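Have a look at the structure below, then the notes.
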Amino acid sequence: MTETFRFAPSPNGLLHLGHACSALLNAARARETGGRFLLRIEDIDVARCRPEFEAAIYADLAWLGLTWETPVRRQSEHFPEYRAALQTLEALGVLYPAFESRAEIARLVADRDAAAAREAAAPWPRDPDGAPLYPGTAKHMPAAERAARIAAGAPHVLRLDLAAALAVLGPRGKDLCWEERGAGPAGETGTIAARPEVWGDVVVARKDVPASYHLAVVVDDAAQGVTEVVRGRDLFAATSIHRVLQALLGLPAPVYRHHGLILDADGHKLSKSTGATALRALRAAGQTPADIRRLIEPSTVSAHP
Numbered sequence: 000m001t002e003t004f005r006f007a008p009s010p011n012g013l014l015h016l017g018h019a020c021s022a023l024l025n026a027a028r029a030r031e032t033g034g035r036f037l038l039r040i041e042d043i044d045v046a047r048c049r050p051e052f053e054a055a056i057y058a059d060l061a062w063l064g065l066t067w068e069t070p071v072r073r074q075s076e077h078f079p080e081y082r083a084a085l086q087t088l089e090a091l092g093v094l095y096p097a098f099e100s101r102a103e104i105a106r107l108v109a110d111r112d113a114a115a116a117r118e119a120a121a122p123w124p125r126d127p128d129g130a131p132l133y134p135g136t137a138k139h140m141p142a143a144e145r146a147a148r149i150a151a152g153a154p155h156v157l158r159l160d161l162a163a164a165l166a167v168l169g170p171r172g173k174d175l176c177w178e179e180r181g182a183g184p185a186g187e188t189g190t191i192a193a194r195p196e197v198w199g200d201v202v203v204a205r206k207d208v209p210a211s212y213h214l215a216v217v218v219d220d221a222a223q224g225v226t227e228v229v230r231g232r233d234l235f236a237a238t239s240i241h242r243v244l245q246a247l248l249g250l251p252a253p254v255y256r257h258h259g260l261i262l263d264a265d266g267h268k269l270s271k272s273t274g275a276t277a278l279r280a281l282r283a284a285g286q287t288p289a290d291i292r293r294l295i296e297p298s299t300v301s302a303h304p
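Numbering (numbering that gives the first Met the number 0), first residue to last: 0 to 304.
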């Protein structure tokens, strides 16, 4: 079987050193295994993604000396596939609509945290990204009320009922795991037991977009035949939810290789939202592709793709 790797950036900003690290690692793994290197444009967030950023992705990767197979898969061209996956999940009875905004959820959780503090109890649990777990209030809403709100055009998301999903999977749900060829934040490697409970009832679709990152990434990886997912260690915990969705949808599970992150001077991972220096700016300042490789940990990226 041909090994297949992918680099999957979102065109909502310019690529930085962290993206270069992941792209070079994927290309290096494809070269080492005689496999395929694919580029996927994760433009499912149509409100934030822009064509000029997509064009910049192609330019930056070409400047680094990378080549990839064409045509490039663009998520915005595959909404029917995500809707089909949602229909499968709906038929399994593991989805429900939730109508609260993020601000409303934050207020609800803040009230519960305040009550917990008064009682010297533990605060409301957070997911691995630090966001409060969804309290599950909409899960108990009468079906007629849900239907009426949706018919009236109320904004809503679709959440995965994790308890129902694990019940559907039965013993398989208790034994979900993945093969880790890289390492997690605490050095975890080898066979990793999935812990989806740390995420709670995650969002899998929004009213205007038929998939969240979690749903789209497992559908895309299966559609492209990806055999090894090489991505940053910040997504290590998300693999637990991805394994649940793969099992529910009958999708193959790739192996995973989570790599270390490129950090800024304050020890934080590089991010478009915090203004991390873009590859374009480094290029304009006279940096070369060889310089970029030297700026990335030598132990992280093989010498040349």
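All C-beta atoms in this analysis are idealised placements derived from N, C-alpha and C, irrespective of residue type, glycine included.
Values in this document were obtained by computation on a predicted structure and should not be read as measured data.
TODO: Inspect the beta-carbon positions of residue 258 and residue 183 and report whether they are closer than 8 Å.
DONE: Residue mapping note: residue 258 aligns to position 259 of the sequence shown, counting from 1. Residue mapping note: residue 183 aligns to position 184 of the sequence shown, counting from 1. No. Outside cutoff.
Task: Contacts around residue 55, its chain only, beta-carbon distance under 6 Å, and the 5 residues preceding and following it disregarded - done: As a position in the sequence shown, residue 55 is number 56, starting the count at 1. Hits under 6 Å: 13.
Open item on the list: On the DSSP letters alone, give me the boundaries of the beta strand (DSSP E) that residue 57 sits inside.
Closed with: Locating residue 57 in the sequence shown gives position 58, counting from the first residue. Premise fails: residue 57 lies in the alpha helix (DSSP H), 50-62, not in any beta strand (DSSP E).
Task: Nearest-angstrom Cα separation, counted from residue 289 out to residue 36 - done: Against the sequence shown, residue 36 aligns to sequence position 37. Against the sequence shown, residue 289 aligns to sequence position 290. Residue 36 and residue 289 have their alpha carbons spaced roughly 20 Å apart.
TODO: Measure how close the beta-carbons of residue 97 and residue 57 come, nearest whole angstrom, since I'm counting them as under 8 Å.
DONE: Within the sequence shown, residue 97 is the residue found at index 98, counting from 1. Within the sequence shown, residue 57 is the residue found at index 58, counting from 1. Contact check for residue 97 and residue 57: beta-carbon distance about 37 Å, past the 8 Å limit, so the pair fails to qualify.
Task: Cut-off 7 Å between Cβ atoms - residues of its own chain near residue 304, not counting five sequence neighbours on either side - done: Against the sequence shown, residue 304 aligns to sequence position 305. Annotation note: pLDDT 38 at residue 304 (below 50); position unreliable, coordinate value reported separately. Answer for residue 304: 23, 26, 27, 30, 64 and 65, listed in chain order.
Task: As assigned by DSSP and simplified to three states, the class of residue 255 - done: Taking the sequence shown and counting its residues from 1, the one referred to as residue 255 is at position 256. Residue 255 falls in the strand class under three-state DSSP.
Open item on the list: My assumption, with CB atoms under 8 Å, is that residue 203 sits in contact with residue 94. Please give the rounded CB distance.
Closed with: Numbered from its first residue, the sequence shown carries residue 203 at position 204. Numbered from its first residue, the sequence shown carries residue 94 at position 95. The Cβ separation is near 7 Å, so the contact holds.
Open item on the list: Can you check which of these residues, 71, 118 and 140, is closest to residue 222 by C-alpha distance?
Closed with: Here the question's residue 222 lines up with position 223 in the sequence shown. Residue 71 is the option with its Cα nearest to residue 222.
Task: Supposed close pair residue 209, residue 85 - CB separation, criterion 8 Å - done: Residue numbering aside, residue 209 sits at position 210 when the sequence shown is read from its first letter. Residue numbering aside, residue 85 sits at position 86 when the sequence shown is read from its first letter. Residue 209 to residue 85, Cβ: 6 Å. Contact.
- [ ] Within its chain, find whatever has a CB closer than 6 Å to the CB of residue 277; leave out the 5 residues flanking it on each side and keep chain order.
- [x] As a first step, residue 277 must be located in the sequence shown, where it is residue number 278. 13 and 15, listed in sequence order.
- [ ] Figure out for me which residue from 62, 42, 122 and 8 has the closest Cα to the Cα of residue 292.
- [x] Working through the sequence shown from its first residue, we reach residue 292 at position 293. Here the closest residue by C-alpha is 62.
Open item on the list: Can you give me the C-alpha to C-alpha distance between residue 248 and residue 215, rounded to a whole angstrom?
Closed with: Position 249 of the sequence shown holds residue 248. Position 216 of the sequence shown holds residue 215. Their backbone Cα atoms lie some 12 Å apart in a straight line.
TODO: Would you check if the distance between the CB atom of residue 239 and the CB atom of residue 193 is smaller than 8 Å?
DONE: As a working mapping, residue 239 is identified with position 240 in the sequence shown. As a working mapping, residue 193 is identified with position 194 in the sequence shown. Closer than 8 Å, so yes.
TODO: Alpha carbon to alpha carbon, how far is residue 2 from residue 262? Give it in angstroms, no decimals.
DONE: For this step, residue 262 is matched to residue 263 along the sequence shown. For this step, residue 2 is matched to residue 3 along the sequence shown. Cα-Cα distance, rounded: 29 Å.
Task: Contact under 8 Å by Cβ, residue 318 with residue 260 - done: This structure cannot settle anything about residue 318, because the visible part of the chain is limited to 0 through 304.
- [ ] Go ahead and label residue 294 buried or exposed: buried means 16 or more other beta carbons lie within 10 angstroms of its beta carbon, across all protein chains shown.
- [x] Reading the sequence shown from its first residue, position 295 is the one you call residue 294. Classification of residue 294: exposed, given that the 10 Å Cβ count is below 16.
Open item on the list: According to DSSP, residue 67 sits in a beta bridge with which residue or residues?
Closed with: The residue you call residue 67 lines up with position 68 of the sequence shown. DSSP lists no partner for residue 67.
TODO: Would you list, in sequence order, the uninterrupted alpha helix (DSSP H) runs of no fewer than 4 residues that lie entirely inside the stretch 145-177?
DONE: 161-168 and 170-173
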